[in-house]
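Scroll down for the structure; my scribbles are underneath it.
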Amino acid sequence: MILNKLSIGKANLEEFSATLIELAEKDRDIIVVTSDSRGSGKLEPFAQKFPGQIVEVGIAEQNLVGVAAGLASAGKKVFAVSPACFLTARSLEQIKNDVAYSNQPVTLVGISAGVSYGPLGSTHHSLHDVSVLRAIHNINIVVPADNFETREAVIAASESKTPFYLKFGKKALPVLPRPDQKFEIGKASVICTGTDIVFIAAGETVAPAYEAARLLAEKNISAMVISMHTIKPLDKEAVCSAAKKCRAIITVEENSIYGGLGEACASLLMQEGIKLPFKIMGFPDEATVTGSQTELFTHYGLSDKGLADAALQILNSDYEKR
Amino acid sequence: MKRFTDKDLQIKSILYRKALLKYIKTANAGHTGGSLSCVDILNVLYNDVLNVTSENFSDNNRDRYIQSKGHSVEALYVVLADKGFFPESDLNTLCKYQSVYIGHPTRKVKGIEFNTGALGHGLPISAGIALAGKIDNASFRVFTLIGDGELAEGSNWEAVMMSAHYKLDNLTAILDNNTLQISGRNKDVCNPYPIDEKFKAFGWNVLTTDGNSIVQLRKIFKEIPVGNAKPTLIIAKTIKGYGVSFMEDQKKWHHGVPTDEQYKLALEELDQELKKYK
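As you go down the protein sequences, you meet chains A and B in turn. For what it's worth, the numbering used here labels the leading residue of the first sequence as 1, then goes sequentially. For what it's worth, the numbering used here labels the leading residue of the second sequence as 323, then goes sequentially.
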C-alpha cells in the first residue's frame, strides 16, 4: 500500500464551527451554550450569524451543563461548548445526572482538549475526560481525527436523541486518507491497511500514527492505522479483526494511559481470549512536563518517530520470543 | 383544572401526609421530615398552580416542576399518584428491588421531568427550561423546589446570577425553608442567611410566606409578578416534619422510619386533624 504525504486541513474546532453554522441555517432549534468560550470555541462567526441561538452563561461550567440539559428537555438541540478541562471535571456531576442519567440529548463539546493548551499546564489539560466519561452510562464519546470526522460527528450528534461528548484540539490537522469514505458512530475508520502492526488511535494522534506507518513502510514493515473516533461504544469487531490480521497492537491516545482507549482495547482483547504483543501509548501517570502540544507528543513518544520506534521495539521483542 | 376550595386542599394535605408516611413505613426508608415540610407546597402547586396533568405531560407548553431537593421524593410521589400519573398502590414497591419508585425523582416515573437528588442541580436545569421558553416565546412557567441546606451548593448561585441576567420572569424557585439540614440548623452548619437579601442583590423578586399554610401558599403564588423581567424566589417558611408533633423541627427526622408505635401515633394525630374538616 502506498502511503501518501498528508496535506493540511483546518483545526477541528474551525470545522466544528463551520458545520454548526450550516446546521443552524436549517434548524432554529440548534442552540450553542458557552462559558465565556465563544472565542476559544471559534464561535464568533456563529454568534454573529445567529445571535438568538447562542447562550452565554459566563464562566460557570456547572450551570452551563445544567442549563444545556434544561434547554434540551424543552426541545432544543444543544451544543454545550467549553474547554474540555473544565467541562469534564468541574461539571462532571451535571454531565452524569442532568445529561446522561436524565437522557437529555446534549452534545458536550470539549474544546482545546488534551494538551492543546501546551505550556499553560495541567490545570488546562484534559487527559482524564475520556477515562471518566467512559464510566458514565449513556454518553457517546467521540474524538474526531480530522475535519472529515469532525463534520460527520457534529451532524450525527445533532440528529441524535442521546448525549454525546466531542473532543476537539486547537491545531490545524492533516487530511487523512479515507479509503472507504464512510463515517458511522461506533464504527472505526480504517485509514490504511497493514499486516505487521496496527495502530489503534484516536483524535489528534491518528495523524502521527499514520506518519509512523509511512516511516515503517520505508523499513518494509506494514502498519495498519485505525481511527477509533468513537471510544464509546467501542467498535469491538474492528479491534478483534485488526488483532487477527496483525502481529502486534499499539493503541495511541491524547489521554491518560489509565481508563482510556488503550485500556478499553486491552480489556476487550483479554476477555475475548486474544493474546498478542500490546502497548498503550498515551500520557503516563506523572506530572506532565512543560511544552507545546507537539513537544509533549514527542516527549511522551506520541510523535511519528516515537510511534515508529515503539512499533519496531514491540515487533522485535515479538521476533525474539519466536 | 378542577377548582378546589381551601378546605379541599387542607384535607388533601393531611391525606398526603398519611400516604407518604405509609409508604415510607412500607419501604422502611425515606426522607420523612423534608417530605412533611414540603408537601403543602406540592399540594398547592399541583392542585392550584401548575398547568400539568397526566394528559398534557408530553405537551411542550406544559408548566414544568423540577424538584431540586430530590430527597423529599415521597411527597412528590403521593401528589403525582393523586393527580393520576400512576396508581397509588404502585408506591407499595417504593425502594424495593427492581421498583421504578426509587428514593429520588426519576424519569422512569410518569410526571417527573428530571432525575434529581444530587443537590444544586434543579435551579440550573430550570433556568435552561425557562430560557427555552423565552427563546420560543412560549407561555409555560417553570417552578423548582430548593432546600435551604442546598443553598451552600455554588451551582445555585451560578444559576441565580444567570437567571437574572436573562430576565427569566417565567422562573420561580420555592425555598422549603425548614431551617434544618441533616447535621443541624442551617445557620450553624454554614449560614446561608439572609437569603432574601442575597437573592434581591442578584436581581430577583423575593416573596415570603408560611409554607405550611394552604391559604397563604395559594395567595403567594398569585402574587408572583408577571412580566417584571425578574425571576422570583418564594421563601416558604416551613417546619420540618410538619403535621406530626413528635417529628416537628427535629433533625433526627431528616430521614427516619417511624416504629410501629410511632406510626400509629402519627396516624392518630393526622386522623384527629382530619376530623376538624369533617
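Backbone N, C-alpha and C fix where the C-beta goes; we use that ideal spot for every residue, glycine too.
Handout entry: Residues that B:S477 contacts on chain A, provided the C-beta gap is smaller than 9 Å
Key = Position 155 of the second sequence holds residue 477 of chain B. Contact note: B:S477 reaches chain A through A60, Q62, N63, G66, S91, E93, Q94, using a C-beta cutoff of 9 Å and chain order.
Handout entry: Pick from B:S477, B:I457, B:H353 that is closest to B:P427, judged by C-alpha positions
Key = Here residue 427 of chain B corresponds to residue number 105 of the second sequence, with the count starting at 1. For the residues B:S477, B:I457, B:H353, the minimum Cα distance to B:P427 belongs to B:H353.
Exercise for the section: Taking 8 Å as the cut-off, decide whether the C-beta atoms of A:V206 and A:V225 are in contact. Expected result: If you number the first sequence from 1, residue 206 of chain A lands on position 206. If you number the first sequence from 1, residue 225 of chain A lands on position 225. Closer than 8 Å, so yes.
Exercise for the section: Starting from B:N365, follow the alpha helix (DSSP H) in both directions and report where the run begins and ends. Expected result: If you number the second sequence from 1, residue 365 of chain B lands on position 43. Its alpha helix (DSSP H) spans residues 354-366.
Problem - Selected residue, minimal CA-CA separation from A:Y101, among B:K432, B:F436, B:F379, B:D470 - result: Counting from 1 along the first sequence, the entry for residue 101 of chain A is found at position 101. That would be B:F436, whose Cα lies nearest to the Cα of A:Y101.
Practice task
Starting from the Cα of A:S73, find the closest Cα among B:L587, B:G476, B:P409, B:L453 and give me that residue.
Solution key: As a first step, residue 73 of chain A must be located in the first sequence, where it is residue number 73. Comparing Cα-Cα distances from A:S73 to each of B:L587, B:G476, B:P409, B:L453, the minimum goes to B:L453.
Handout entry: Beta-carbon contacts of B:D362 that lie in its chain and below 8 Å, excluding the five residues immediately before and after
Key = Counted from its first residue, the second sequence places residue 362 of chain B at position 40. Correct list, in chain order: S335, G533, N534, S535, I536, L539, T560, Y564.
Handout entry: beta strand (DSSP E) segment containing A:L166, residue limits
Key = Residue mapping note: residue 166 of chain A aligns to position 166 of the first sequence, counting from 1. 164-167 is the extent of the beta strand (DSSP E) around A:L166.
Handout entry: Closer than 7 Å at the beta carbon, the chain A residues around B:S335
Key = In the second sequence, the residue the question calls residue 335 of chain B occupies position 13. Here the premise fails: no neighbours, minimum Cβ distance about 29 Å.
Handout entry: Between the CA atoms of A:Q94 and B:L441 - distance to the nearest angstrom
Key = Translated into positions along the second sequence, residue 441 of chain B becomes position 119. Translated into positions along the first sequence, residue 94 of chain A becomes position 94. Their backbone Cα atoms lie some 10 Å apart in a straight line.
Practice task
With DSSP as the reference, label B:T601 as helix, strand or coil.
Solution key: It is not possible to answer for residue 601 of chain B, since the shown part of chain B is limited to 323 through 600.
Handout entry: is_contact[B:H353, chain A] using C-beta, thresh 8 Å
Key = Counted from its first residue, the second sequence places residue 353 of chain B at position 31. It does not: the Cβ of B:H353 has no partner Cβ on chain A nearer than 8 Å.
Problem - Any chain E beta carbon closer than 8 Å to B:N373 - result: Within the model displayed, chain E is absent; protein chains A and B are what it includes.
Exercise for the section: Taking B:Y338 as part of the alpha helix (DSSP H), name the residues at either end of that continuous run. Expected result: As a working mapping, residue 338 of chain B is identified with position 16 in the second sequence. Per DSSP, B:Y338 belongs to the alpha helix (DSSP H) from 328-349.
Handout entry: Given 8 Å, three or more beta-carbon pairs between the region 326-345 of chain B and the region 399-414 of chain B
Key = The region 326-345 of chain B vs the region 399-414 of chain B: in contact.
Problem - Candidates A:A248, A:G169, A:S158, of which the one nearest A:K76 by Cα - result: Position 76 of the first sequence, counted from the start, is the residue given in the question as residue 76 of chain A. For the set A:A248, A:G169, A:S158, the Cα lying nearest the Cα of A:K76 is the one of A:S158.
Exercise for the section: For A:V198, collect the residues of the same chain with a Cβ closer than 8 Å to its Cβ; drop the 5 residues on either side in sequence, then sort them by chain order. Expected result: Position 198 of the first sequence holds residue 198 of chain A. The answer, listed in chain order, is A223, M224, V225, I226, A242, A243, K245, C246, A248, I249, I250.
Handout entry: Contact list for A:N97 against chain B, beta-carbon separation under 9 Å
Key = Counting from one through the first sequence, the residue named residue 97 of chain A turns up at place 97. F436, N437, T438, G439, A440, H443, listed in chain order.
Exercise for the section: Please report the residue range of the beta strand (DSSP E) in which A:T230 lies. Expected result: One-based indexing of the first sequence puts residue 230 of chain A at position 230. Looking at the DSSP string, the run of the beta strand (DSSP E) that includes A:T230 is 230-232.
Practice task
Report yes if the CB atom of A:Y165 is closer than 8 Å to the CB atom of A:L6, and no otherwise.
Solution key: Taking the first residue of the first sequence as position 1, residue 165 of chain A is located at position 165. Taking the first residue of the first sequence as position 1, residue 6 of chain A is located at position 6. No; because the gap between Cβ atoms is not below 8 Å, this pair is not in contact.
Handout entry: Closest by C-alpha distance to A:D366, when choosing among A:T162, A:A80, A:F183, A:G169
Key = What the structure shows of chain A is the stretch from 1 to 322, and residue 366 of chain A is not part of that stretch, so it cannot be assessed.
Handout entry: Proximity test, Cβ basis, 8 Å: A:K76 and chain B
Key = Start at 1 with the first residue of the first sequence, and residue 76 of chain A comes out as number 76. The beta carbon of A:K76 falls within 8 Å of a beta carbon belonging to chain B, placing the residue at that interface.
Exercise for the section: Could you tell me if B:C512 is buried or exposed, where buried requires 16 or more neighbouring beta carbons within 10 angstroms of its beta carbon? Expected result: Along the second sequence, read from residue 1 onward, the residue named residue 512 of chain B stands at position 190. Around the beta carbon of B:C512, a 10 Å sphere encloses fewer than 16 other beta carbons of the protein chains shown; the residue is thus reported as exposed.
Exercise for the section: Could you name the residues of chain A that B:G455 contacts, counting a contact when the two beta carbons are closer than 8 Å? Expected result: The residue labelled residue 455 of chain B in the question sits at position 133 within the second sequence. The contacting residues are A74.
Practice task
Leaving out five residues on either side along the sequence, give the residues of the same chain with a beta carbon under 8 Å from the beta carbon of A:R322.
Solution key: Taking the first sequence and counting its residues from 1, one reaches residue 322 of chain A at position 322. Below a pLDDT of 50, predicted positions are generally treated as unreliable, and A:R322, at 48, falls in that range; no measurement from the model is reported.
Practice task
State the beta-bridge partners of A:S126 as determined by DSSP.
Solution key: The residue given as residue 126 of chain A occupies position 126 in the first sequence. Per the DSSP secondary-structure output, A:S126 pairs in a beta bridge with A:G114.
Practice task
Please compile the residues from chain B whose C-beta is within a distance smaller than 7 Å of the C-beta of A:S102.
Solution key: Numbered from 1 along the first sequence, position 102 holds the residue referred to as residue 102 of chain A. Result: R429, F436, N437.
Problem - Range covered by the beta strand (DSSP E) that runs through A:P336 - result: This structure leaves residue 336 of chain A out entirely; chain A is present only between 1 and 322.
Handout entry: Meets three-Cβ-pair contact criterion under 8 Å: the region 80-93 of chain A and the region 28-39 of chain A
Key = Contact between the region 80-93 of chain A and the region 28-39 of chain A is present, because at least three Cβ pairs lie under 8 Å.
Handout entry: Range covered by the alpha helix (DSSP H) that runs through B:K559
Key = Here residue 559 of chain B is taken as the residue at index 237 of the second sequence, counted from 1. Where B:K559 is concerned, there is no enclosing alpha helix (DSSP H), although the beta strand (DSSP E) it sits in stretches over 554-559.
Problem - Assigned secondary structure, A:S303 (DSSP; H/G/I helix, E/B strand, else coil) - result: To locate residue 303 of chain A, count along the first sequence from 1; it is residue 303. The three-state reading of DSSP puts A:S303 in coil, since its state is none of H, G, I, E or B.
Problem - Backbone CA spacing between A:T290 and A:S17 [nearest angstrom] - result: Within the first sequence, the letter at position 290 stands for residue 290 of chain A. Within the first sequence, the letter at position 17 stands for residue 17 of chain A. One C-alpha to the other measures close to 29 Å.
Problem - Proximity of A:G169 and A:A113 at Cβ, strictly below 8 Å - result: Locating residue 169 of chain A in the first sequence gives position 169, where the first residue counts as 1. Locating residue 113 of chain A in the first sequence gives position 113, where the first residue counts as 1. With contacts defined by Cβ atoms closer than 8 Å, A:G169 and A:A113 form a contacting pair.
Practice task
Compute the beta-carbon to beta-carbon distance between A:N147 and A:N12, rounded to the nearest angstrom, for a pair I have assumed lies under 8 Å.
Solution key: Looking up residue 147 of chain A in the first sequence gives position 147. Looking up residue 12 of chain A in the first sequence gives position 12. Your pair A:N147 and A:N12 checks out as a contact, with CB atoms roughly 6 Å apart and the cut at 8 Å.
Problem - Test: A:V81 CB closer than 8 Å to a CB of chain B - result: As a position in the first sequence, residue 81 of chain A is number 81, starting the count at 1. Answer no: the Cβ-Cβ gap between A:V81 and chain B never drops below 8 Å.
Handout entry: Local Cβ density within 10 Å of A:T230, reported as buried at 16 or more and exposed below that
Key = As a working mapping, residue 230 of chain A is identified with position 230 in the first sequence. With 16 or more Cβ atoms within 10 Å of its Cβ, A:T230 is classed as buried.
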